[in-house]
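To start, the structure itself, in structure tokens.
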Amino acid sequence: RKEVEQDPGPFNVPEGATVAFNCTYSNSASQSFFWYRQDCRKEPKLLMSVYSSGNEDGRFTAQLNRASQYISLLIRDSKLSDSATYLCVVPDNYGQNFVFGPGTRLSVLP
Amino acid sequence: DTGVSQDPRHKITKRGQNVTFRCDPISEHNRLYWYRQTLGQGPEFLTYFQNEAQLEKSRLLSDRFSAERPKGSFSTLEIQRTEQGDSAMYLCASRTAAGTGADTFGSGTRLTVV
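Sequence lines, in order, name chains A and B.
For the first sequence, my numbering begins at 33 and goes up steadily by one.
For the second sequence, my numbering begins at 38 and goes up steadily by one.
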């Protein structure tokens, strides 16, 4: 299994839609996970950490499923400004550093 | 000190030339990371420093690549004898020594080798 995998998309959704992305990881001992957002030709920026109990920040909800080894990001009531690439970040197989997924591209359409 | 800064923002160089990039991390962050990102991919780990010590290098980092962080503050990444395949965005990130926090990225240096 690859250290991290994401659905590359693109996801094209209308404004107001709810969209969810999944990210699978291979290191079963992983403890820390993150979702980053990257706009075109910009640097990645931290969107939210992923806690084992799940966490919510406004329209964004992150969840962890340890049994199936995936994390998810749910965006409700999507806005045009949510259009970006969403990168999941998980520990590498040695637990020393983090590995970035290839990203899932989201386009929110008017 | 409001964030991670990288210089230059863009670099165009001829194949075979050497280039050097600089990164100034957030001052209280002991860990500094270099990543490379190509179109359609996530950032790929190159190397990282804990203070001035370089603790790990990726196999992506061929012998043409070298990184330093001489005083545990800013870092430089040098690529010797550049090849067209080196064209990419080179990102620097820093985090606290605890190592479990998230990386804060600089704006990156976009390298084009012609």
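We put the CB at the ideal spot given by N, CA and C, even for glycine.
C-alpha distance - residue i paired with residue j, whole-angstrom precision
{"i": "Pro62 of chain B", "j": "Thr113 of chain B", "result": "11 Å"}
{"i": "Ala61 of chain A", "j": "Pro123 of chain A", "result": "9 Å"}
{"i": "Leu106 of chain A", "j": "Pro80 of chain B", "result": "22 Å"}
{"i": "Ala130 of chain B", "j": "Glu89 of chain B", "result": "15 Å"}
{"i": "Gln78 of chain B", "j": "Gly127 of chain A", "result": "21 Å"}
{"i": "Thr117 of chain A", "j": "Thr84 of chain B", "result": "24 Å"}
{"i": "Ala52 of chain A", "j": "Lys48 of chain B", "result": "37 Å"}
{"i": "Thr56 of chain A", "j": "Lys34 of chain A", "result": "9 Å"}
{"i": "Asp123 of chain B", "j": "Thr146 of chain B", "result": "12 Å"}
{"i": "Gly90 of chain A", "j": "Arg106 of chain B", "result": "39 Å"}
{"i": "Phe102 of chain B", "j": "Ala125 of chain B", "result": "14 Å"}
{"i": "Phe43 of chain A", "j": "Cys72 of chain A", "result": "15 Å"}
{"i": "Val151 of chain B", "j": "Asn67 of chain B", "result": "35 Å"}
{"i": "Asp44 of chain B", "j": "Leu148 of chain B", "result": "11 Å"}
{"i": "Arg52 of chain B", "j": "Thr136 of chain A", "result": "32 Å"}
{"i": "Arg118 of chain B", "j": "Thr50 of chain B", "result": "10 Å"}
Close-in-space but distant-in-sequence residues of the same chain around residue i (CB under 7 Å, 5 per side omitted)
{"i": "Pro142 of chain A", "result": "Glu47 and Leu112"}
{"i": "Pro134 of chain A", "result": "Gln38 and Pro40"}
{"i": "Ser42 of chain B", "result": "Asp61 and Gly143"}
Presumed contact (8 Å Cβ cut-off) between residue i and residue j, rounded CB distance
{"i": "Lys77 of chain A", "j": "Tyr83 of chain A", "result": "Actually they are not in contact, since the Cβ atoms of Lys77 of chain A and Tyr83 of chain A sit about 19 Å apart, beyond 8 Å."}
{"i": "Phe92 of chain A", "j": "Ala139 of chain B", "result": "Contact doesn't hold; Cβ gap of about 15 Å is too wide."}
{"i": "Leu128 of chain B", "j": "Gly143 of chain B", "result": "7 Å"}
{"i": "Asp114 of chain A", "j": "Leu138 of chain A", "result": "6 Å"}
{"i": "Asn129 of chain A", "j": "Asn59 of chain A", "result": "With a Cβ gap of about 11 Å, Asn129 of chain A and Asn59 of chain A do not count as contacting."}
{"i": "Ala104 of chain B", "j": "Gln121 of chain B", "result": "Going by Cβ atoms, the distance from Ala104 of chain B to Gln121 of chain B rounds to 21 Å, so no, they are not a contact pair."}
{"i": "Leu119 of chain A", "j": "Gln63 of chain A", "result": "Actually they are not in contact, since the Cβ atoms of Leu119 of chain A and Gln63 of chain A sit about 19 Å apart, beyond 8 Å."}
Same chain, Cβ closer than 8 Å to residue i, neighbours up to 5 away in sequence not counted
{"i": "Phe111 of chain B", "result": "Arg59, Cys60, Asp61 and Pro62"}
{"i": "Val45 of chain A", "result": "Val51, Ser110, Leu138, Ser139, Val140 and Leu141"}
{"i": "Gly40 of chain B", "result": "Ile63, Thr141 and Gly143"}
{"i": "Glu65 of chain B", "result": "Thr133"}
Cutoff 6 Å; reference residue i; Cβ partners in own chain excluding five residues on either side
{"i": "Leu96 of chain A", "result": "Val82, Ser84 and Ile103"}
{"i": "Gly86 of chain A", "result": "Gln95"}
Any contact between the stretch 98–113 of chain B and the stretch 66–81 of chain B? By contact I mean 3 or more CB pairs, one from each, below 8 Å. yes
Contact set between the stretch 36–53 of chain A and chain B, restricted to residues whose Cβ is under 9 Å from the partner: Val36, Gln38 and Pro40
Using a beta-carbon distance cut-off of less than 8 Å, what residues from the stretch 81–115 of chain A approach chain B? Ser81
Residues in the stretch 78–92 of chain B with C-beta within 9 Å of chain E's C-beta atoms, listed in sequence order? In summary, chain E is missing from the structure at hand, where the protein chains are A and B.
What residues in the stretch 130–142 of chain A have a beta carbon less than 8 Å from any beta carbon of chain B? Phe130, Val131, Phe132, Gly133, Pro134 and Gly135
Contact set between the stretch 102–131 of chain B and chain A, restricted to residues whose Cβ is under 7 Å from the partner: Leu128
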